[in-house]
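One structure is given here, and the rest of the page talks about it.
Spelled out as structure tokens, the structure:
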């Protein structure tokens, strides 16, 4: 976790990081100059004070970084840098002349590897980030390829030595040349590696042999052609394939930058509520002490009262109600973070109701953070399956409802036709048949108490 806020801001500042990189670079330049001109007696004292100045800066730098980073300082890179600087300090304290311990300070150039993290978070270095990611992705395949190439070079060296020795070519060549290129199996393997690189070294190996032994020279020439266009090209192909796959798969630079910005926005929201809770506890503790003093309590009583009030304030400060969330969203920094996260909620009330699942009227900070993370996280395959199942269930229910509605509509149409037939007969009987007057339905219709049914053609609108 971070340490003192002031030092944390200093050690997180880009200017401070660039200044540290500049000092490391100047130290590398100094080591080169000191190696070239270290024997000059007039420069011994300036060189000494350069080393002392470098150590003073390192002491100041590591003090700021330790106080600012806190326990986060205990990473492999930071500990290695501290070990290298400690070796340089021991060299200055124990020896008058710079030795191999001082040279360890040059290994602080390890920090230059931070360019990878910088490239991953920079929109201007997207291509560099892609290439570095592809190198990391292809490292395993390249290690396997290096092992295969080592076996090939060793076997090819033994094969070439055997052919040239049996043909007597090595007896004719210069003794120094034979010892340098073919004297041992390891030297022969390194010679075959030089041939596979297809550079100028091949001329000093193949051409002398080709002038004396056409067969052996042609074999070396074929070997050079095959390895330079297969083994080396294979390594390049692995790198190209890894680059294409990295660009095609999930290694999207923009998505990484977006995730980093989202984490910073969520961290800003958490910091705001944590500071609010801490200040609330502090003020309640002070007020409790003042009240206890005015009440004339003892020292033990003061401590107990302060502790109980602080405990209650901590419990109260750990919860967030709707009003606190609404007030927080009026702060420009918090509102900017909410807008950056693009939450699918329109206001503070909707967000609070989404988090307050139990409808208790208050939520915790962890619940708020977990809810924001879930709202901003990408959909997982499980979420997709749940959504598909829900849509499929709704579609199935709608289909079955339509089927049942059609059946009911057909049944109602049959009832309607039967009722229409009966009403028509009753209407006709009330007008034409005098003998049915004693039937109550017919009598009421004939007397006008029941109106004759007339079908109306009403237009039905459906949305």
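Numbering (the numbering used here), first residue to last: 216 to 678.
Beta carbons are placed, not taken as given, at the ideal position from N, Cα and C, and that holds for glycine.
If you ignore the 5 residues before and after residue 262, its C-beta comes within less than 6 angstroms of the C-beta of 249, all in its own chain and listed in chain order.
Partner residues in the beta bridge of residue 578, as assigned by DSSP, are 535. Judged by DSSP in its simplified three-state form, residue 281 adopts helix. In its chain, beyond the 5 residues on either side, no residue has a beta carbon closer than 8 angstroms to the beta carbon of residue 358. Contact check for residue 577 and residue 536: beta-carbon distance about 5 angstroms, within the 8 angstroms limit, so the pair qualifies. Of 437, 388, 430, 400, the smallest CA-CA separation from residue 419 is found for 388. Annotated three-state conformation of residue 479 is helix, per DSSP. For residue 570, the closest C-alpha among the options 588, 631, 442, 554 is that of 588.
Measuring C-alpha to C-alpha distances from residue 379 to each of 396, 228, 627, 365 identifies 396 as the nearest. The segment 306-326 and the segment 234-243 touch, with no fewer than 3 CB-CB distances between them shorter than 8 angstroms. Membership of residue 327 in any alpha helix (DSSP H) is not indicated, and neither H nor E is assigned to it by DSSP.
Distance from residue 566 to residue 558 at the Cβ level is roughly 7 angstroms; contact confirmed, criterion being Cβ atoms closer than 8 angstroms.
When the Cα atoms are used, residue 548 and residue 586 turn out to be separated by approximately 19 angstroms.
At least 8 angstroms separates the beta-carbon of residue 368 from that of residue 430. At a Cβ-Cβ threshold of 8 angstroms, residue 442 and residue 400 do not count as neighbours. For residue 547, the enclosing alpha helix (DSSP H) starts and ends at 547-556. Spatial neighbours of residue 324 in its own chain (CB-CB distance under 7 angstroms, excluding positions within 5 residues in sequence) are listed in chain order as 239, 243.
The C-alpha of residue 363 lies about 11 angstroms from the C-alpha of residue 356. Annotation for residue 409: the continuous alpha helix (DSSP H) segment containing it runs 400-412.
Across the structure, residue 269 and residue 457 are spaced so that their CA atoms are roughly 41 angstroms apart. In this model, residue 551 and residue 267 are separated by some 47 angstroms (Cα to Cα).
Residue 562 and residue 568 have their alpha carbons spaced roughly 10 angstroms apart. In the DSSP assignment, residue 570 falls within the alpha helix (DSSP H) that extends over 563-570.
In the DSSP annotation of this structure, the continuous segment of the alpha helix (DSSP H) that includes residue 395 starts and ends at 390-397. Ranked by how close their Cα comes to the Cα of residue 543, the residues 580, 574, 572, 573 have 580 in first place.
If you draw a straight line from the Cα of residue 623 to the Cα of residue 590, it comes to about 43 angstroms. Between residue 219 and residue 283 a beta carbon distance of about 6 angstroms is seen, short of the 8 angstroms cut, so the two are scored as contacting. Closest in alpha carbon position to residue 478, among 336, 292, 404, 436, is 336. The beta carbon of residue 253 is closer than 6 angstroms to none in its chain, skipping five residues each way along the sequence.
Spatial neighbours of residue 299 in its own chain (CB-CB distance under 7 angstroms, excluding positions within 5 residues in sequence) are listed in chain order as 319, 320, 322, 323.
A distance of 8 angstroms or more separates the beta carbons of residue 316 and residue 331. Setting aside the 5 residues that flank it on each side, residue 560 is surrounded in the same chain by 566, each with a C-beta closer than 6 angstroms to its C-beta; the list follows chain order. Taking 8 angstroms as the upper bound for CB-CB distance, residue 373 and residue 438 are not in contact here, some 13 angstroms apart.
Here DSSP, grouped into helix, strand and coil, assigns residue 289 to coil. By the beta-carbon neighbour count (other beta carbons within 10 angstroms, threshold 16), residue 609 is exposed.
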